[in-house]
Structure formats: structure tokens, C-alpha cells
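Comments concern the structure below.
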């Protein structure tokens, strides 16, 4: 039996509400041990075998399907020094700016709303 070697291309996939954005999820960069580079406009890419690959937002989102709602990944291009797209990064920053008490109250509200 031969040992299978993992290609860095195994980390690349299609993401977003319509699965139309090819790239690597931001949360996979550390696992794949890939460096991040910034384009002149600030968008992030990583280099795999000499080719630039988009770094995409890995936040979980709800996607509408003909069978009802499903979960997927945001898939928007990550910019600047962020770990997520501009919209999700704003939510993350707002969360970190809240006091611990407000964070706890919001978590309790989400637990009551989601039912778990």
C-alpha cells in the first residue's frame, strides 16, 4: 500500500451562496501552512505551485435551496489584515468591542432563539 501525499490543491474549493467562488477558506490557511500575500488593492491570496489562489471568508452562512435552508460558507474575498470579509469582520470587531456582560446576554438570547 502506498502512502497518499496530500496536495495543497485539496484545500481549494468552491464556496459562497452559489458555489461560484474558487479559493481557500481563511480558516484553512493555518492547517495547510500556506503564506498570505496581499494584492495592490488589499485583497488576500496565497500561492500554490506558482498560482495565486483567493483567500475566502470562512464564516458560516445560511443558504436558501429548493429543499429549504442549508448552511454553507460566505466565500467573499478577504481583504487587508482581516480573517473574514468586510461585513463579517465588522461583526467580529463589534463583538470584541462589547463588554463581557453584553456578550453573555447576547449569547443567552441566541441560545433561547435557536433552542439549544
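Residue numbers (the numbering used here): 57 to 172. Where is the CB? At the ideal position from N, CA and C, for every residue including glycine.
Rounded to the nearest angstrom, what separates residue i and residue j at their Cα positions?
i	j	result
residue 142	residue 130	11 Å
residue 164	residue 170	10 Å
residue 90	residue 97	20 Å
residue 161	residue 106	47 Å
residue 121	residue 74	10 Å
residue 92	residue 103	8 Å
Return the chain-ordered list of same chain residues with a C-beta closer than 8 Å to the C-beta of residue i, the five sequence neighbours on each side being excluded.
i	result
residue 77	70, 71, 110, 112, 131, 132 and 133
Output needed for residue i: all residues of its chain with C-beta closer than 7 Å, excluding positions within five of it in sequence on either side, in chain order.
i	result
residue 118	125 and 127
residue 95	101
residue 116	127 and 129
Quick check on residue i: does DSSP put it in helix, strand or coil?
i	result
residue 92	coil
residue 120	strand
residue 142	helix
residue 79	strand
residue 86	helix
residue 112	strand
So is residue i buried or exposed if we call it buried at 16+ other beta carbons inside 10 Å?
i	result
residue 57	The predicted position of residue 57 is uncertain, since its pLDDT is 42 and thus under 50; a value taken from the coordinates is nonetheless stated next. So residue 57 ends up on the exposed side.
residue 80	buried
residue 85	buried
residue 140	buried
Less than 6 Å between C-beta atoms, sequence neighbours within five positions excluded: which residues of the same chain meet that for residue i?
i	result
residue 136	98
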